[in-house]
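Residue numbers in the sequence shown follow my numbering, run continuously in steps of one, and reach 419 at the last position.
For every residue, glycine included, the Cβ atom is placed at its ideal position computed from N, Cα and C.
Structure, as structure tokens:
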Amino acid sequence: MLADRTAPEWSRPITPVSEVSLEVPRISLEIAAAEALKNRPEIAQLQSNAEINKIDERYFRDQSKPQIDLIGTYTANGLAGTATTRPTTNTTSALTTRVNELSALAGLPPLPTTTTTNTLPPNLVGGYFNSLGNLLAQDYPTYRVGVQISLPWGNRTAKANLGRTLVQSDRIKNQQAQTEQIIEAEVRNSLQALCSAEARLASALASRQSAEQLSESEQRQFRAGTTTFYLVLQRQTELLAARGRELQSQTDLNKAISEFQRATGATLSANSVTISDGATLIKTNSRRTTAFNSGFFTNGESK
């Protein structure tokens, strides 16, 4: 097929010079129906939908059951900073001294002196790199372990989703059965149309051969002077009509073959076309070669 619509080949006359050779499939109805159910994309699509629905059904069925989750976390902390003095220390010392003075005036013993020393570890004093080192060393981890229990009391959402998947499963089964019946009916009709088209072609072929014999006989009689020119023209007209019916029968048979291949899902394989995993069409050598790409068509003249 030419990609350029302005190419001169589109405006040139093309005359077919080769005879039409049609290969009629010879297959029984049972085998054709089985091949159609295996090759038709509608069946494969319904099977994929059924598998997806089964996954949803298992998921929503699990959602309607009690659920126990074990939770565990581990966190590494990077601690570091600059030590600061507490402003309340001086205030506390002055308050203690004043209380001791009042206690002495009242004849009471002074408050006991307690000494507290707040000393930070060396690895906690520093900046960003100290914090990063503590984080990588995992010196200050945090553990968390727990159990979470969920009871689906009144979980109407999960039950509704489960019911929807069950209804969807029945609908897919009914749709698959209906599709299989439609495919079998299409195979029966296409096979019957194929047989009828083949019979019409055989009848048209015999009619054309008979018309050729009558035309040749009438021409011999005309040369012998035993018939008229009118009868010769009449025989030639009948011959042209018989050839037209034969061509129409060939066209009908070709359409019937294409329809039968579509009904059985063998259109690509019949034309030696395969589809790879990357969705790339691959055309292999086919026994049915088109006249355009094999040189059977000539530009206004026959070879």
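Three-state secondary structure (DSSP) of Thr-229: coil
Sequence ranges, alpha helix (DSSP H) only - wholly within the segment 240-278, length at least 4: 244-253
Spatially closest choice to Glu-332 from Leu-267, Ser-374, Ser-319 and Leu-347, by CA coordinates: Leu-347
DSSP state of Asn-432 mapped onto helix, strand, coil: The shown model of the chain, from 117 to 419, leaves out residue 432, and the question about it has no answer.
Buried or exposed (CB count within 10 angstroms, at least 16 for buried), Gln-377: buried
Bridge-paired residues (DSSP) for Gln-183: Ser-266
Continuous alpha helix (DSSP H) stretch holding Thr-383: start and end: 383-386
Contacts around Ala-199, its chain only, beta-carbon distance under 8 Å, and the 5 residues preceding and following it disregarded: Leu-236 and Val-241
Cα-Cα separation between Leu-384 and Ile-171, rounded to whole angstroms: 32 Å
Where the alpha helix (DSSP H) through Ile-68 begins and ends: For the chain, the structure presents residues 117 to 419; residue 68 sits outside this window and is missing.
Beta-carbon proximity of Ile-299 to Ala-152, cut-off 8 Å: yes
Proximity below 8 Å, CB of Gln-337 to CB of Leu-138: no
When Ile-130, Asp-120, Thr-122 and Ala-150 are compared against Ala-382, the one with the closest alpha-carbon: Ala-150
Where Val-348 falls: helix, strand or coil (DSSP): helix
Collapsed DSSP secondary structure at Val-133 in the structure displayed: coil
Ser-402 to Ile-143 span [Cα, whole Å]: Note that Ser-402 scores 47 on pLDDT, short of 50, meaning its location in the model is unreliable; the coordinates nonetheless yield the value given after this. Roughly 20 Å separates the two Cα atoms.
Whole-angstrom distance between Gln-179 and Asn-305, CA atom to CA atom: 48 Å
Endpoints, beta strand (DSSP E) assigned at Thr-198: Careful: Thr-198 lies outside any beta strand (DSSP E) and carries neither H nor E.
The segment 256-267 / the segment 179-198 touching (three or more Cβ pairs under 8 Å): yes
Length of the line joining the Cα atoms of Thr-342 and Glu-334: 9 Å
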